[in-house]
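Visitor: Chains as they are written, first to last, in our numbering: chain P, 1 to 984; chain C, 985 to 1163.
This is how it looks when you write it as structure tokens:
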């Protein structure tokens, strides 16, 4: 016991002496890695600069604009616009400005192409919402100033390219007018705006580009109506589909006269195909329509004569047109064929001739080609060469040139949905997935260098070599389990439906797998991945099996579409099996039970509140039956403001007999008054969190018993008025209520109201405390509050003899239906930052003190000791309390610059922070993801259980050797002396 | 216990007993020299030797009492050291406390050895021994008391529950906001 308390004291000391967890400059990159991504590319514009490095400017679905090096795919510069600042269009103006139109066409910005500095920003208002177009004409000049033409929010603007000033604007106020195209015929001063009005009216406006004057307005009505988009086949002809999707309308408006021609698709192709859609393309004279199975390319000859040039059942992607000379346009076409893709570059007017035809081997895990962007260059023999940038189904970006993949970027990792971890294989002969070979000479050289370093003999070059050796240490990137549990696989599910396994040592992709179940199919129209769960974590009696994860996905955005389960082996990255469910998946509840093969039992709740048990084995069923009456579930209906508790009732009735399906019944419900409260945040404890002890020793050897329950739910509600943005309400109208609800019985254990406060609320629940972050309108500052819950009914267990003899019931199982007596302690503090995410460190045994990890608005992760959020803090703590480690109360929480976990880096677009315990108790692994990825190791109480990385082994060795030598010398000396004594 | 050790240490490696009391010449291998009458010598020296013996046993008793009282000084010194070390746990105070615990224990283990030089038929060692043991037990108690003041003794409830795992809950509930 004394040893334990001694150990705890050491713990306490090590934690109290070092509240700052900074690292030295040369330690950056030793345990952490950072990867930068941009997301799925929406649009790419190649810079046509003659000199300098070739680059491509891209805009992505993560609202990133970035300039990439065309040679290697590296990021030159990158800007992440806000989450609601969706990029509508990008282009390059004057060869040196990147123009972006965003936020539904209301913000126009110009960026300097070489370095990404913003040059100007204009806000464009308009009468109504509409499609937005950004055009950068090369020949339209206005007092030596190039002009940008922007159509947004029902208004046409001409904007100076130099300073963003609006030169003129023209409103299109007609109520039902929907713009479809804005056309700038080259070499003229006219702008054509075409669109639909009242569903069946085709409208064409001709506008003088110099001053925005309306020159002509024509309209024609089509009784059959329109559907979908229009495709521009020449500057004066568009093609549209009628509302049934079966008749093509070729509408031309030459000289301001609208003339049209109708061609049923069945005239062009014999077999009936069903409704078609137009694939937008800008290639003149050619457009494409797509039905369920086939893609048809149609050429427009003369005035509205259509001719099918190609019909293909392959998946196909077409690029926009690229003008390579005065009257020649080229475009790229990519077709899939089993494991290859065929790239063809054609001239717009010459379908049958190919400028280029290449086949490139393509990894099947990348899926289909979604987008193609073409660019040309002039070869040394003055002929044209083409390179294409392709965006794949898994959101990766590849550059193809001369039949090869020049570079690829795994930009799917910019949109991670869920993360879980998996252990690596145990080291055994022949098991290791990637062997790390050691060259003896290299090894010797490395050690010589290290020796030089420790003896301070190394030159700066040697130091650099040592540093790079430390960073590339093969030890940390091995494919086997280590003693400390630092090496793991991070399994991430991306929005594209691809699973990646990242190695925690260096962040490389070990395997990736495009989930087959997330492919579009007839049964599953628009599958989306939802969540990842650890399905099988073999450790005791299933050592030979590989661990696997469960991917839960759904066939559509609404919650009543049927679900799909896939099981993926985490060692090999192969799909073990996949299940198409005949019921929806509304909730997935991992149960705290595993079957004989260590498969975790999961309960899936469908839209009708039936519970389905997985895995569907008899073993699992018998375990489940045993615990049947103890399993409950709850649902938070945040729209209605109701939290409902349910219990399992009996086997499903009515439907097909399925012994793994159970009916449920409502048990309790908590109804928040809808006129005064709106649920904005709920949080529970992590299922796998380990708590070391139920007692908390406070000053003067007193004990407080924590109320530790896995079934506690923290709910934050705000006044409905205050659910908008910060500052939209007065403090009197806004309040925030925090609840702690027992999810088995529905008992509200605690309720506290923060008057004059507002969301958004970020909260984290761990052990017996919850910390939440919100905005205080009265103080105009962010606040963080902590609530700690203690069990009062255990408080009188203070008889030492009873405890010594074990005659207490502190560890016996408890039922939540016995009425708990809890007391709560809480405190609030001001906090400077607004947050994007919040997490808490978790360690293997839960002994190490905890740190909160705050994802700040600056996309960094800040570590804040939990001791700062201790409700027992007072302004003047007593001596005993000080000894216990209680920090004097301050109004606001300190932000220590050294405690930024991400040090100098930023995790752009930070969305989530995940902590995973390592095997070493002191250490926790932290993974932060957003558009960027960041991984590091943290030791909240310092590494008290292992030597630090900068420990001088050489000094230890030298000391030992010196001591041994000294022992020998003194021994000999004393022997000699004794002999002399005897002779005397 | 330097004193006790000192007495033992300077102890006699060898000794010649000049006061030979034996009266029977047959006990010796060598016959008495001619003209030497043992009995007469004995009678002559008997009073002197008795006096000597008395003096020695007195001296031994005195010494034994001295040895028995030695831990008292130690006790005082220990108390002073403990007072100096203070009540916070650090290397110095832990060292002092552990030596304060160790010394009495080792001394108690060697009670017999300490009093061996004074072993005599006529000397009554029970008193000194009891005193010695009592004083050492006092030292031990002082050490334990110090240990307690340092908070290293598990005398509080907190020491027994600090690593008590949380109680298992019978019920389990999961769920949340629909996916």
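For glycine and all other residues, C-beta sits at the position ideal for the given N, C-alpha and C.
(1) Could you run through the segment 597–609 of chain P and flag, in chain order, every residue whose CB is less than 8 Å away from some CB of chain C?
(2) Compare the C-beta of residue 633 of chain P with all C-beta atoms of chain C and state if any pair is closer than 8 Å.
(3) Report all residues from its chain with a CB closer than 8 Å to the CB of residue 802 of chain P; omit the five preceding and five following residues, and keep chain order.
(4) Within the chosen definition, does the segment 950–967 of chain P reach the segment 908–926 of chain P through at least 3 CB pairs nearer than 8 Å?
(5) Just checking: is the beta-carbon of residue 336 of chain P within a distance shorter than 8 Å of some beta-carbon in chain C?
(6) So, using beta-carbon positions, are residue 1060 of chain C and residue 1119 of chain C closer together than 8 Å?
(7) Which partner residues does residue 809 of chain P have in the DSSP bridge list?
(8) Take residue 1151 of chain C as the anchor and find which of P:914, P:732, P:203, P:816 has the nearest alpha-carbon.
(9) If we ignore side chains and look at the alpha-carbon of each, how far apart do residue 183 of chain P and residue 194 of chain P end up?
(10) With distances taken Cα to Cα, identify the nearest neighbour of residue 393 of chain P among P:515, P:607, P:386.
(11) Taking only beta-carbon positions, decide if residue 939 of chain P is within less than 8 Å of chain C.
(12) Note the first and the last residue of the continuous alpha helix (DSSP H) segment covering residue 969 of chain P.
(13) Alpha carbon to alpha carbon, how far is residue 479 of chain P from residue 709 of chain P? Give it in angstroms, no decimals.
(14) To the nearest angstrom, report how far apart residue 349 of chain P and residue 284 of chain P are at their CA atoms.
(15) Give, in chain order, every residue of the segment 540–567 of chain P whose Cβ lies closer than 8 Å to some Cβ of chain C.
(16) Of all the beta strand (DSSP E) runs that stay within the bounds of the segment 669–715 of chain P, which reach a length of 3 or more residues?
(17) Can you give me the start and stop residues for the beta strand (DSSP E) that residue 603 of chain P sits inside?
(18) Which of the residues in the segment 1134–1146 of chain C, read from start to end, lie with their CB under 8 Å from any CB of chain P?
(19) Is it the case that the segment 259–270 of chain P contacts the segment 299–314 of chain P, given that we only count it when at least three CB pairs across the two stretches are under 8 Å?
(20) Looking at the strands, I want to know which residues DSSP matches up with residue 915 of chain P.
(21) Can you give me, in chain order, the residues of the segment 696–721 of chain P that have a beta carbon less than 7 Å from any beta carbon in chain C?
(22) Nearest to residue 1077 of chain C by alpha carbon, out of C:1110, C:1136, C:1046, C:1158?
(23) For residue 536 of chain P and residue 400 of chain P, what's the separation of their Cα atoms in angstroms?
(24) Would you say residue 917 of chain P lies against chain C (beta-carbon separation less than 8 Å)?
(25) What would DSSP say about residue 34 of chain P, mapped onto helix, strand or coil?
(26) Measuring only between beta-carbons, confirm whether residue 569 of chain P sits less than 8 Å from chain B.
(27) Closest by CA to residue 313 of chain P, which one among P:338, P:937, P:366?
(28) Select from P:358, P:486, P:139 the residue whose C-alpha is nearest the C-alpha of residue 403 of chain P.
(29) State buried or exposed for residue 768 of chain P, treating a residue as buried only when at least 16 other CB atoms are found within 10 Å of its CB.
(30) What is the rounded straight-line gap between the Cα of residue 590 of chain P and the Cα of residue 545 of chain P?
(31) If the cut-off is 7 Å on Cβ atoms, which residues from the segment 1149–1163 of chain C count as contacting chain P, listed in chain order?
(32) Is the CB of residue 663 of chain P under 8 Å away from at least one CB in chain C?
(33) Do we get a CB-CB distance below 8 Å when we pair residue 420 of chain P with the residues of chain C?
(34) Name, going along the chain, the residues of the segment 611–643 of chain P whose beta-carbon falls closer than 7 Å to a beta-carbon of chain C.
(35) For residue 653 of chain P, which of helix, strand or coil comes out of DSSP?
(36) Would you identify the three-state DSSP class for residue 18 of chain P, choosing helix, strand or coil?
Guide: Quick look at the numbers:
(1) 603, 605
(2) yes
(3) Setting aside the 5 residues that flank it on each side, residue 802 of chain P is surrounded in the same chain by 808, each with a C-beta closer than 8 Å to its C-beta; the list follows chain order.
(4) Flag = no, the segment 950–967 of chain P and the segment 908–926 of chain P do not touch.
(5) no
(6) no
(7) None; residue 809 of chain P has no bridge partner.
(8) Ranking the options by Cα distance to residue 1151 of chain C, first place goes to P:816.
(9) 8 Å
(10) Relative to the Cα of residue 393 of chain P, the nearest Cα in the group P:515, P:607, P:386 belongs to P:515.
(11) no
(12) 953–983
(13) So the alpha carbons of these two residues sit roughly 37 Å apart.
(14) When the Cα atoms are used, residue 349 of chain P and residue 284 of chain P turn out to be separated by approximately 8 Å.
(15) 552, 554, 559
(16) 678–684, 695–698, 702–705
(17) 600–605
(18) Listed in chain order, the positions of the segment 1134–1146 of chain C with a beta carbon within less than 8 Å of a beta carbon of chain P are 1135, 1136, 1137, 1138, 1139, 1140, 1141, 1142, 1143, 1144, 1145, 1146.
(19) yes
(20) Note: residue 915 of chain P sits in a beta bridge opposite P:926.
(21) 697, 701, 702, 703, 708, 709, 710, 711
(22) C:1136
(23) 40 Å
(24) no
(25) strand
(26) Looking at the structure shown, chain B is missing, and the protein chains on hand are P and C.
(27) P:338
(28) P:358
(29) buried
(30) Taken atom to atom, the span from the alpha-carbon of residue 590 of chain P to that of residue 545 of chain P is near 20 Å.
(31) Under the 7 Å Cβ criterion, the segment 1149–1163 of chain C contributes 1149, 1150, 1151, 1152, 1153, 1154, 1155, 1156, 1157, 1158, 1159, 1160, 1161, 1162, 1163.
(32) no
(33) no
(34) 630, 631, 632, 633, 634, 635, 636, 638
(35) coil
(36) For residue 18 of chain P, the predicted model reports a pLDDT of 42, less than 50, meaning its position is unreliable and no value from the coordinates is stated.
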